[in-house]
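J.: Once you've had a glance at the structure underneath, I'll fire off some questions.
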Amino acid sequence: MWLHAVIFVSVLNVVKPLDCCGPALKGTVPDATGPATPGVQVSSERFGNVSGQTVFRYTIKNKDMSFQVMNYGAYLTSITVPDKQGRSKDVLLGHDTLKEYVDKKRRFGAIIGRVANRIANSSFTLDGQVYKLNPSGSRSHYTIKGGIKGWDQAVWKASTRADGVTFSLLSPDGDEHFPGAVQAQVTYRLTEDSSLQVAMRAETTKATPINVFSHWYMNLAGHDAGAEGVYATRLKLNADLYQPLDIYDNHVVPRTTSAHLVF
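All the letters of the sequence shown, read from the start, carry residue numbers -17 to -1, 1 to 246 under mature numbering (1 follows the signal peptide of the UniProt record, and there is no 0).
As structure tokens, this is what we get:
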């Protein structure tokens, strides 16, 4: 069986505020239950606590495959699919316990935001105003993965659907010195044809850069197959856009003046 993952994500964008922010910016989750998907089951269990907040892990499965997510960092924690011999294997790298996710900060499977990529010199200019961010990269010469405390370190609100889970997070105005309050929403769903779909959405009260992505590390031969399994894998990415890069102080950073280039 092929692992078919559909991810809706963007390169660096400047998101403008909506004329009317709607209920999302008030911290609520729009109704996303939707019609039942035949054969899909959704369950949850307590996975631990972070800063006094309960973290739940959710399992979404059908007869062919399953995946798990949690509301800490909106992490994807496992993807179990059968190989060509029909043996089920977890192909996603990750940890066994919540404590490892919190302490090791490798961000395996996390949702990274508000800007995942590197921002050179930890600053940017938007609408004539210069914004200085919290440095979080090597030697403090750039900001990466949203800053010192990005969205991967937050406990998100969760709403189960008939075919998956929707997570939402309110990032306040000035969070890591970015402008505008942002309501972020990530939906994981399992389709009837065994596709894992991840949809991301953000609404803001001010113009602000947004670059959110899912920080997956995968070994399609199974996460315990090691380097040999990786080297034996052929991967094809279907993408409409790419992000040009520059070298800044011996580090790779995105060329922010040339995003959204088409192949």
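The C-beta atom is built at its ideal place from N, Cα and C for all residues, glycine as well.
In terms of alpha-carbon separation, which member of Ala190, Ser27, Lys128 lies closest to Gly111?
T.: Taking the first residue of the sequence shown as position 1, residue 111 is located at position 128. Per the Cα distances, Ala190.
J.: Hey, would you say Gly96 sits closer than 7 Å to Val195, going by beta carbons?
T.: Within the sequence shown, the letter at position 113 stands for residue 96. Within the sequence shown, the letter at position 212 stands for residue 195. Their beta carbons are under 7 Å apart, which means Gly96 touches Val195 by this criterion.
J.: Going along the chain, which residues of its own chain have a beta-carbon closer than 7 Å to the beta-carbon of Met48, five neighbours each way excluded?
T.: In the sequence shown, the residue the question calls residue 48 occupies position 65. Counting only Cβ-Cβ distances below 7 Å, and skipping sequence neighbours, we find Thr63, Val64, Ser177.
J.: Taking Tyr200 as the reference, which of Asn104, Ala185, Thr108, Arg89 has the closest Cα?
T.: Numbered from its first residue, the sequence shown carries residue 200 at position 217. With distances taken between Cα atoms, Tyr200 lies closest to Arg89.
J.: Per DSSP, what kind of secondary structure is Asp156 in: helix, strand or coil?
T.: To locate residue 156, count along the sequence shown from 1; it is residue 173. Coil.
J.: Report buried or exposed for Gln168, applying the criterion of at least 16 other Cβ atoms within 10 angstroms of its Cβ.
T.: Here residue 168 corresponds to residue number 185 of the sequence shown, with the count starting at 1. It counts as buried.
J.: For the segment 61 to 80 against the segment 97 to 108, are there 3 or more C-beta pairs whose distance is under 8 Å?
T.: Short answer: they don't touch.
J.: Relative to the C-alpha of Ser34, which candidate in Gln136, Asp66, Glu159 has its C-alpha closest?
T.: Position 51 of the sequence shown holds residue 34. Looking at the Cα atoms, Gln136 is the closest of the given residues.
J.: Quick one, which of Arg29, Asp79, Leu59 has its alpha-carbon nearest His198's?
T.: Numbered from 1 along the sequence shown, position 215 holds the residue referred to as residue 198. If we check each option's Cα against that of His198, Leu59 comes out closest.
J.: Just to confirm, is the Cβ distance from Val52 to Leu173 under 7 Å?
T.: Stepping through the sequence shown from its first residue, residue 52 is reached at position 69. Stepping through the sequence shown from its first residue, residue 173 is reached at position 190. In this structure, Leu173 does not lie closer than 7 Å to Val52 by Cβ.
J.: On the premise that Leu228 lies in contact with Pro237, defined as a C-beta separation below 8 Å, what is that separation, rounded to the nearest angstrom?
T.: What you label residue 237 is simply residue 254 of the sequence shown in a count that begins at 1. What you label residue 228 is simply residue 245 of the sequence shown in a count that begins at 1. Between Leu228 and Pro237 the Cβ distance is about 6 Å, and since that is below 8 Å, they are a contact.
J.: What is the rounded straight-line gap between the Cα of Ile230 and the Cα of Thr108?
T.: For this step, residue 230 is matched to residue 247 along the sequence shown. For this step, residue 108 is matched to residue 125 along the sequence shown. About 19 Å.
J.: Three-state secondary structure (DSSP) at Leu81?
T.: To locate residue 81, count along the sequence shown from 1; it is residue 98. In the structure shown, Leu81 sits in a helix (DSSP, three-state: H, G or I).
J.: Grouping DSSP H, G and I as helix and E and B as strand, with all else coil, what is Glu186?
T.: Here residue 186 corresponds to residue number 203 of the sequence shown, with the count starting at 1. Three-state result, Glu186: strand.
J.: Taking the alpha-carbon of Thr20 as reference, which of Asp207, Arg144, His160 has the nearest alpha-carbon?
T.: Position 37 of the sequence shown holds residue 20. The shortest C-alpha separation from Thr20 is found at Arg144.
J.: Per DSSP, which residues does Thr126 bridge with? Please list them.
T.: The count along the sequence shown starts at 1 and reaches residue 126 at position 143. BP columns for Thr126 point to Ile102.
J.: Whole angstroms is fine: what's the gap from His124's alpha carbon to Lys82's?
T.: Looking up residue 124 in the sequence shown gives position 141. Looking up residue 82 in the sequence shown gives position 99. If you take the alpha carbons of His124 and Lys82, they lie about 29 Å apart.
J.: Please list, in chain order, all residues of the same chain as Gly92 whose beta carbon is under 7 Å from its beta carbon, the five residues on each side excluded.
T.: Here residue 92 refers to the residue found at position 109 when the sequence shown is read from its first residue. Counting only Cβ-Cβ distances below 7 Å, and skipping sequence neighbours, we find Tyr58, Leu59, Thr60, Leu75, Gly77, His198, Trp199.
J.: Between the alpha carbons of Ala210 and Gly69, how many angstroms are there, rounded?
T.: In the sequence shown, the residue the question calls residue 210 occupies position 227. In the sequence shown, the residue the question calls residue 69 occupies position 86. Between Ala210 and Gly69, the C-alpha separation is close to 22 Å.
J.: Just verifying my parser: in three-state terms, what is the DSSP assignment at Ala164?
T.: As a first step, residue 164 must be located in the sequence shown, where it is residue number 181. Three-state result, Ala164: coil.
J.: Considering Cα atoms alone, identify which of Leu203, Thr170, Asn117, Ala208 is closest to Gly133.
T.: Locating residue 133 in the sequence shown gives position 150, counting from the first residue. Closest by alpha carbon: Asn117.
J.: Consult DSSP for Ser142 and reduce its assignment to one of helix, strand or coil.
T.: By 1-based counting over the sequence shown, the position of residue 142 is 159. Residue state, collapsed to three classes: strand.
J.: Taking all protein chains shown into account, do 16 or more other C-beta atoms lie within 10 angstroms of the C-beta of Val235, making it buried, or fewer, making it exposed?
T.: Here the question's residue 235 lines up with position 252 in the sequence shown. Classification for Val235: exposed.
J.: Mapping DSSP to helix, strand and coil, what is Ala57?
T.: On the sequence shown, residue 57 is found 74 positions in, with the first residue counted as 1. Ala57 falls in the coil class under three-state DSSP.
J.: Hey, out of Pro155, Ser27, Phe50, whose CA is closest to Val181's CA?
T.: In the sequence shown, residue 181 corresponds to position 198, counting from 1. Val181 has its Cα closest to that of Phe50, out of Pro155, Ser27, Phe50.
J.: Taking the DSSP output, what are the residues bridged to Asn32?
T.: In the sequence shown, counting from the first residue as 1, residue 32 sits at position 49. In the DSSP output, where bridge partners are listed per residue, Asn32 has Thr37.
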